[in-house]
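Asks:
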Amino acid sequence: MSGTMKAKKIAIIALPRFWLLLLSTAMIFLAGWISSAQPKVLQTKLFLSRQAVHAGENIALALKLEIAPNWHINAPGLTDEFLIPCSLEVSDTANYHVLEYYYPPPEKGKFPFSEQELTFFAGETILGALLEIPATVSPGKIKIQASFTYQACDDRSCLPPETRPLEAEIEVVPPDQPTEELNPEIFSQLKFSRAKK
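Our numbering applies: residue -18 is where the sequence shown begins, and numbers increase by one.
This is the structure:
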């Protein structure tokens, strides 16, 4: 095979690779542009009900949602199969167990994209989880792993659902060490069916 034919063959093989590389670069750029173009719909912040906890006690976790004006997120209990309800999930471990979750009563309304009346959260909303620290847990710091899944909508359409990872840290202290409550204005809004012992 002559040098000219080899060069042509290499060029033919390289050409699809060039376009593939160009397409990949364009897709990465486009994904970044779409991500940056997404409206900042939701801000989240985690709170703990105590600065420390004893083994054998319960502690509450609150998730404060600040939803942008003219937006809402779908509440649990939706009957529309095409919409995704929000969900707070805390991972159970040997160091803590989830006793229950709390969601406040949602708002209700109708939107052009659905024939049904929908339930949703808007503005500032506080969700929560009540955790039990087993009596066998030794003093030390415990990391709580959680996530919040939600779908944001305006009055015309909905964005794709997102899952936001969350993390908090609890300190388990010896029985003779006092603990104090934190954020009472937040946790007074969480109506758990079980007492926070």
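Just so you know, even glycine gets a beta-carbon here, dropped at the ideal spot from N, CA and C.
Using a Cβ-Cβ cut-off of 8 Å (strictly less than) and excluding sequence neighbours within five positions of Thr160, which residues of its own chain qualify?
Replies: Taken in chain order, the residues that qualify are Arg31, Gln32, Ala33, Val34, His35, Val154.
Asks: Can you list, in chain order, the stretches of the beta strand (DSSP E) that have 3 or more residues and sit fully within the segment 84 to 129?
Replies: Correct list: 88 to 90, 99 to 102, 105 to 113.
Asks: Specify the secondary structure class of Glu166 as computed by DSSP and reduced to three states.
Replies: In the structure shown, Glu166 sits in a helix (DSSP, three-state: H, G or I).
Asks: Within the same chain, show all residues whose beta-carbon is closer than 8 Å to that of Ser169, passing over the 5 residues directly before and after it, in chain order.
Replies: Counting only Cβ-Cβ distances below 8 Å, and skipping sequence neighbours, we find nothing.
Asks: Determine the direct distance from the alpha carbon of Pro156 to that of Phe129, and round the result to whole angstroms.
Replies: If you take the alpha carbons of Phe129 and Pro156, they lie about 33 Å apart.
Asks: DSSP three-state call for Lys172: helix, strand or coil?
Replies: Reduced to three states, the DSSP call for Lys172 is coil.
Asks: One question on the structure: do Leu23 and Leu59 come within less than 8 Å of each other, judged by their Cβ atoms?
Replies: Taking 8 Å as the Cβ cut-off, Leu23 and Leu59 do not qualify as a contacting pair.
Asks: Lys172: buried (16+ other C-beta within 10 angstroms of its C-beta) or exposed?
Replies: Classification for Lys172: exposed.
Asks: Can you have a look at Thr106 and say buried or exposed, based on whether 16 or more other CB atoms are within 10 angstroms of its CB?
Replies: Buried, because 16 or more other Cβ atoms sit within 10 Å of the Cβ of Thr106.
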